[in-house]
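Let me begin by presenting the structure, written as structure tokens, before commenting on it.
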Amino acid sequence: MKAARACLDAIGVAPSRYHQESFGGGSSPQLEPAPTIPSSVRFVRSGIVHNCLHGETLLEAARQCGVYVPTACQQGVCGTCRIAKLSGEVAMEDLGGLAPEEKSAGYVLACCSRPQGTVLLDI
Numbered sequence: 241m242k243a244a245r246a247c248l249d250a251i252g253v254a255p256s257r258y259h260q261e262s263f264g265g266g267s268s269p270q271l272e273p274a275p276t277i278p279s280s281v282r283f284v285r286s287g288i289v290h291n292c293l294h295g296e297t298l299l300e301a302a303r304q305c306g307v308y309v310p311t312a313c314q315q316g317v318c319g320t321c322r323i324a325k326l327s328g329e330v331a332m333e334d335l336g337g338l339a340p341e342e343k344s345a346g347y348v349l350a351c352c353s354r355p356q357g358t359v360l361l362d363i
């Protein structure tokens, strides 16, 4: 799949012009332990603030609060759980689920992003 994506990129085909799927993906990346800084997530549209447990992903935080985030692979491959980060820092270990332009625009994948301090999400 990486080779096919590289070929399409090389000839200038925008990622929005093709569809890719992953059935099972690879193994989840092993994340290094995050520093033990207090972290919280503010779901701006929902008006909910959640104080995160150490190592908790944005997806886990959302589920704890009853905030719906669509998911599929939960491994950072498919991009289904993409959400806009308004501010703050996250440690994200994705497996190609976001294009570089999406990362630059502030999008993160909830399934494989852990807050580093206070994070505001547009959801």
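Under my numbering, the first residue of the sequence shown is numbered 241, with each subsequent residue one higher.
Cβ coordinates follow ideal geometry from the N, Cα and C atoms, glycine included.
- Can you tell me the Cα-Cα spacing of L299 and C351, whole angstroms? Each residue's alpha carbon lies about 5 Å from the other.
- Message: Is it buried or exposed, Y308, if we count other Cβ atoms within 10 angstroms and call 16 or more buried?
- Response: Answer is exposed; the Cβ neighbour count stays below 16.
- Can you say whether Y183 is buried or exposed, counting buried as having 16 or more other CB atoms within 10 angstroms of its CB? A question about residue 183 goes unanswered here, because the residues of the chain that appear run from 241 up to 363.
- Coarse secondary structure for P355, derived from DSSP in three states: strand
- Straight-line Cα distance separating D334 from A274: Here A274 scores only 48 on pLDDT, less than 50, and its place in the model is too uncertain to base an answer on.
- Identify, in the order they occur along the chain, each residue of the same chain with its Cβ nearer than 6 Å to the Cβ of R245, setting aside the five sequence neighbours on each side. none
- Grouping DSSP H, G and I as helix and E and B as strand, with all else coil, what is E342? Three-state result, E342: helix.
- Task: Put A254 into one of helix, strand or coil per three-state DSSP.
- Result: coil
- Item | Reduced DSSP secondary structure (H/G/I, E/B, other) of A274 | Here the model assigns A274 a pLDDT of 48, short of 50, so the residue's position is not dependable and the matter cannot be decided.
- Query: Can you list, in chain order, the residues of its chain whose CB lies under 7 Å from that of M332, leaving out five sequence neighbours each side?
  - Reply: Cβ contact annotation for M332 (same chain, cutoff 7 Å, sequence separation greater than five): V348, L349, C352 and S353, in chain order.
- Query: Which residues share a DSSP beta bridge with H290?
  - Reply: V281
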